[in-house]
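Scroll down for the structure; my scribbles are underneath it.
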Amino acid sequence: MLKNHNHDLIQQLSEISDSAWRMEVYIKSAKGCKECTALWKKLKSDYESHVKLISNEIKRHVDQGKFN
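Per full-length UniProt numbering, the sequence shown starts with residue 1, numbered consecutively.
Here is the structure:
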């Protein structure tokens, strides 16, 4: 079983990754509304940066042998 904080990292990574993927659907749906398209693109970019942050933290835990 994973330690709670490692589980939290994996759980949040999954949630944010799903959201980033979903933004692509929203961008397509917003076709014709420049403001909404810009909003969804910005949110997607934000989510992608959060994915990197969490992924890096998971990697740090793994590299230090703390991922259990």
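Quick reminder that beta carbons are idealized off the backbone N, C-alpha and C, glycines included. No experiment lies behind these values; they were computed from the predicted model shown.
Beta-carbon proximity of residue i to residue j, cut-off 9 angstroms
i             : j             : result
methionine 23 : lysine 34     : no
lysine 3      : asparagine 56 : no
asparagine 6  : lysine 66     : yes
Residues near residue i in its chain [Cβ-Cβ closer than 6 angstroms; skip 5 each side]
i          : result
leucine 43 : Met23
Cβ-based neighbour list, residue i, same chain, cut-off 7 angstroms, excluding 5 preceding and 5 following
i            : result
glutamine 12 : Ile54
Closest by C-alpha distance to residue i, when choosing among the options
i            : options                : result
histidine 46 : Lys59, Lys31 and Trp21 : According to the sequence shown, residue 46 is aspartate rather than histidine. When each option's Cα is compared against that of aspartate 46, the closest is Trp21.
Cβ shell of residue i (< 8 angstroms), same chain only, five flanking positions each side left out
i             : result
isoleucine 27 : Thr37, Trp40, Lys41 and Lys44
The segment 39 to 58 in contact with the segment 15 to 30 per 3-pair CB rule at 8 angstroms: With the cut-off at 8 angstroms, the segment 39 to 58 and the segment 15 to 30 touch.
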